[in-house]
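Following: one structure in structure tokens, then a few remarks.
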Amino acid sequence: MQSKIYFAHANGIPAAVYQSLWQCLQDTYQVSYLPIVGMNAAYPVSLHWEALVDEVLEDMQQRYGNEAVIGVGHSFGALLLWRCAFKRPERFTQLVLMDPPIMMGMRAMVFEPLQYFKLKMADKFSPAGVTLRRRDTWQHRDEAYQSLRHNRLFQHFEEACFADYMQHGLVATGVDETVTLRIPKRLEAEIFRQFPVYWWRKPSVALNLPVHLLAASGGLFYQQGHTTAFTRKFGIQQTVVQGGHMFPLEQVAHTADLLRQILCQKSA
């Protein structure tokens, strides 16, 4: 019988873009997900992602009833599932967090008042400012491909993953052949702005379930020491993956192998 995984995607990257990863695990695991978190007006993007936590938990309830499942998240999705697990720990049997956007210590203390008072300077502490300056409309898909393929975010994506982004990350505008981002950049920026910066102060106790963090060696969260501080505070095992923040879409087979190893350790 296949074990069930509930997956949560990175900000700006629809869940279907990760299908190459889940195809590597389909013999053992049944993966489900909300296609895009944050697009439902009933769950608006609010401070500390409170409504988004409820959106994910409601989706899990509809899919699984009261059954507990494995939670796997990448970036925004990883931290979101961590918050879901603190609110409803009975929903999960274990968590795997792939390079969650963790901010701890002095940097978090500086960001918090900027965020609370909605000061423009807050955008320098998150990718929100860069996101709003991104191009988001192209005359046709070929132009979008040429524009994005060598973009810093996508340049190391495996070709199959980038093809999935082209299919699921863009949508026709209805005007000629013009395409735009499926996840509007203003929504993506707002998710960054409402980042749950206070979480590392409360709760201050560890979850009573296995949690494993995969940190990207080239990612800011590991390089600045945030993931290491996080794992020490909550007694979580950390594995450092050689690569950048988007490693699940850049090293698909390797990421699948790591997930198998971690999940098999728990079930053994």
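Numbered according to the working numbering, the sequence shown spans residues 1431 to 1698. Backbone N, C-alpha and C define an ideal beta-carbon position, used for all residues, glycine too. Just so you know, these numbers come straight off a predicted model, no measurement behind them.
Taking 8 Å as the cut-off, the Cβ atoms of phenylalanine 1587 and leucine 1688 do not count as close.
For the pair glutamate 1480 and alanine 1498, the CB atoms are not nearer than the 8 Å cut-off. Around the Cβ of cysteine 1591, a 10 Å sphere holds 16 or more other Cβ atoms; the residue is buried. In the DSSP assignment, the residues bridged to histidine 1504 are Met1528. In the displayed model, valine 1609 falls within a strand according to three-state DSSP. For valine 1627, no alpha helix (DSSP H) encloses it, and the DSSP letter there is neither H nor E.
The C-alpha of isoleucine 1613 lies about 32 Å from the C-alpha of glutamine 1691. Taking C-beta atoms as the reference points, glutamine 1545 and valine 1627 count as a pair closer than 8 Å.
Shown here, threonine 1561 sits in a helix according to DSSP, grouped into three states.
Taking all protein chains shown into account, aspartate 1606 has fewer than 16 neighbouring C-beta atoms within 10 Å of its C-beta and is therefore exposed. In this structure the segment 1653-1661 does not touch the segment 1462-1480; the number of beta carbon pairs closer than 8 Å is below three. Under the three-state reduction of DSSP, alanine 1498 is assigned to coil, being neither helix nor strand.
Boundaries of the alpha helix (DSSP H) around valine 1540: 1535-1546. In the structure shown, leucine 1644 falls within a strand segment according to DSSP collapsed to helix, strand and coil. Glycine 1507 places its beta carbon 8 Å or farther from that of histidine 1598. Taken atom to atom, the span from the alpha-carbon of glutamate 1542 to that of methionine 1596 is near 35 Å.
Its chain contains Cys1514, Arg1518 as the residues whose beta carbon lies nearer than 6 Å to that of leucine 1487, once the 5 sequence neighbours on both sides are disregarded; these appear in chain order. In the three-state reduction of the DSSP assignment, glutamine 1460 falls in the strand class.
When DSSP states are grouped into helix, strand and coil, valine 1670 belongs to the strand group. As DSSP reads the structure, tryptophan 1568 sits in a beta bridge with Val1609.
In this structure, proline 1444 keeps its C-beta atom at 8 Å or more from the C-beta atom of proline 1474.
Sequence-distant Cβ neighbours of methionine 1534 in its own chain, meaning closer than 7 Å and more than five residues away, are Trp1630, His1656, Ala1659, Phe1660. DSSP links serine 1476 through a beta bridge to no other residue. Secondary structure of phenylalanine 1587 (DSSP, three-state): coil.
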